[in-house]
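One gets this note's numbering by counting positions in the sequence shown from 1 and adding 228 to each. Let me begin by presenting the structure, written as structure tokens, before commenting on it.
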Amino acid sequence: MSSSNINRTYLKVDRACAELRRGGAVVVRLPSGEAAIFKAVEIAHDNDIVELKTMAGSGTLLVLTANRMSSLGHSIGQNKPCATLSSAAHSAARAFEMALGQPATDGPQSSYTIIPEKAGSLADNTTRLLRVAKLIPAAFMARLRFRDIAMQDRWALENNLLIIEARDVDHYNEDAAASLRETTRAKVPLALAEDAEIIMFRAAAGGEEHFAVLIGDPLGRDAGKDKPPLVRLHSQCVTGDVLGSLKCDCGDQLKAALGLMARESNGILIYLAQEGRDIGMLNKMRAYALQDGGLDTVDANHMLGFDTDERSFLPAANILQTLGISKMRLITNNPDKIAQIAAHGFEISERISLDIDENPFNADYLKTKKTRTGHLID
Ligand SMILES: Nc1nc2c(ncn2[C@@H]2O[C@H](COP(=O)(O)OP(=O)(O)OP(=O)(O)O)[C@@H](O)[C@H]2O)c(=O)[nH]1
Ligand SMILES: [Zn+2]
229 MSSSNINRTY LKVDRACAEL RRGGAVVVRL PSGEAAIFKA VEIAHDNDIV ELKTMAGSGT
289 LLVLTANRMS SLGHSIGQNK PCATLSSAAH SAARAFEMAL GQPATDGPQS SYTIIPEKAG
349 SLADNTTRLL RVAKLIPAAF MARLRFRDIA MQDRWALENN LLIIEARDVD HYNEDAAASL
409 RETTRAKVPL ALAEDAEIIM FRAAAGGEEH FAVLIGDPLG RDAGKDKPPL VRLHSQCVTG
469 DVLGSLKCDC GDQLKAALGL MARESNGILI YLAQEGRDIG MLNKMRAYAL QDGGLDTVDA
529 NHMLGFDTDE RSFLPAANIL QTLGISKMRL ITNNPDKIAQ IAAHGFEISE RISLDIDENP
589 FNADYLKTKK TRTGHLID
């Protein structure tokens, strides 16, 4: 794909996300010409349900992910990422409860007809776009009655609506990672590592900003360096990294990693703008509220409709490649991180574990990392 094509594609997705976040409607279309108009449930009002129905000419459905459905006590089958729920009596408040509330004991879902949806379906694409927009992946969706693409384009223009093609959604995360560029760099002496330099990267797609902290001389400007650099991919955790939250191990891991790198003067910490395993700070706080009610970190993500971990380490891989790194000693306990980085063609000569002392507030979290997400914690 030429770079100008990539540009047009991701700009449309970025505009769609802004539209969804302000409560607006977006149209999603499959190559077959099937299309649907949708909105984010978490920002919708009752009149939106009627409006979508009137515009599309078919009933408004509620789209929920498989994880959310399972939290509501419904298995929708293997390889079905989401389901559409139809009801004669939708109200935004009720749908909000279905999408976000704690499951009611009398089973509000019983009054809905539930249809499992395939990967790549219109419903699936609505939830994927909502995730990119860092919104709860629950949509009000109404299918357009007509499949003629030229007619749809005219209709969208008349109604000031954006049409997003399913293939644009498919490529978005890859395009965003590929569009990362070094933007500026500066020396920033740190308490734990005086010889530190920060390199900022900005993605043209989505505008996300990640950064690399170079400790000492990891890029091998010193001739004769025999060990590959220590590398840590650290996903943002404002509560742990900045506020010193005792609920997780992030802040301590950050400090420990910088300390290890300073000792050798040979490290790269990539700080990824992936707050809350990439569900965003607001949704992480929603997950924390559910954890206050007794759920663990995995079930809380599922209850909100998200996957256990929404992160891709492709942005990190692109940054490492830009820096000219091919081999590293990776500081992590996360097997998925190791697998993803290896799959991108990097050589991990050694894994350095990063075990943090338990406290009464993070003990359950650390246990869940070990038992449910496979973290290699001793
Ligand atoms: N959604 C959610 N995110 C969390 C929670 N606790 C921590 N995080 C986020 O998880 C990310 C850190 O992930 P971890 O699983 O601790 O560590 P990791 O990067 O997977 O693995 P290591 O390399 O071994 O540290 C950060 O983005 C945190 O904000 C939580 O309860 N819910
Ligand atoms: Zn944390």
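Quick reminder that beta carbons are idealized off the backbone N, C-alpha and C, glycines included. Please read all numbers here as calculations on a predicted model, not as lab measurements.
Where residue 460 is concerned, the enclosing beta strand (DSSP E) starts and stops at 458-463. Between ligand 1 and the CB of residue 303, the shortest heavy atom gap is not smaller than 7 angstroms. It is roughly 48 angstroms from the alpha-carbon of residue 389 to the alpha-carbon of residue 418. Boundaries cannot be given for residue 302, as no alpha helix (DSSP H) includes it and DSSP labels it neither H nor E.
By DSSP's assignment, residue 426 forms a beta bridge with 414, 441. Residue range 350-360 is occupied by the alpha helix (DSSP H) that includes residue 356. Put simply, the backbone Cα of residue 601 is about 44 angstroms away from that of residue 381. Taking the C-beta atoms as reference points, residue 277 is found no nearer than 8 angstroms to residue 251. Placement of the Cβ of residue 525 at a distance of less than 7 angstroms from at least one heavy atom of ligand 1 is found. Pairing residue 497 with residue 489 gives a Cβ-Cβ distance under 8 angstroms. Annotation for residue 312: the continuous beta strand (DSSP E) segment containing it runs 310-314.
Beta-bridge analysis with DSSP links residue 494 to 444.
Taking non-hydrogen atoms of ligand 2 into account, the C-beta of residue 522 is found less than 7 angstroms away from none of them. Per DSSP, the beta bridge partners of residue 371 are 264. Here DSSP, grouped into helix, strand and coil, assigns residue 597 to helix.
The closest heavy atom of ligand 1 lies 7 angstroms or more from the beta carbon of residue 270. When only Cα atoms are considered, residue 479 and residue 560 end up about 14 angstroms apart.
Taking the Cβ of residue 505 as the reference point, at least one heavy atom of ligand 1 falls within a distance shorter than 7 angstroms. The closest CA to that of residue 409, considering only 301, 581, 439, is found on 439. Ligand 1 approaches residue 560 closely enough that one of its heavy atoms is under 7 angstroms from the residue's Cβ. Exposure of residue 339 is indicated by the presence of fewer than 16 other C-beta atoms within 10 angstroms of its C-beta.
Under the 8 angstroms Cβ criterion, the region 277-286 does not count as touching the region 347-354, having fewer than three qualifying pairs. Under the three-state reduction of DSSP output, residue 319 falls in the coil class, being neither helix nor strand. Around the beta carbon of residue 385, fewer than 16 other beta carbons sit within 10 angstroms, so the residue counts as exposed. Under the DSSP definition of a beta bridge, residue 431 partners with 408. For residue 393, the three-state secondary structure derived from DSSP is strand. When the Cα atoms are used, residue 492 and residue 505 turn out to be separated by approximately 29 angstroms.
A Cβ-Cβ separation of about 6 angstroms places residue 345 in contact with residue 311 under the 8 angstroms criterion.
What you get when you keep residues with a C-beta closer than 5 angstroms to any heavy atom of ligand 2 is 465, 468, 476, 478.
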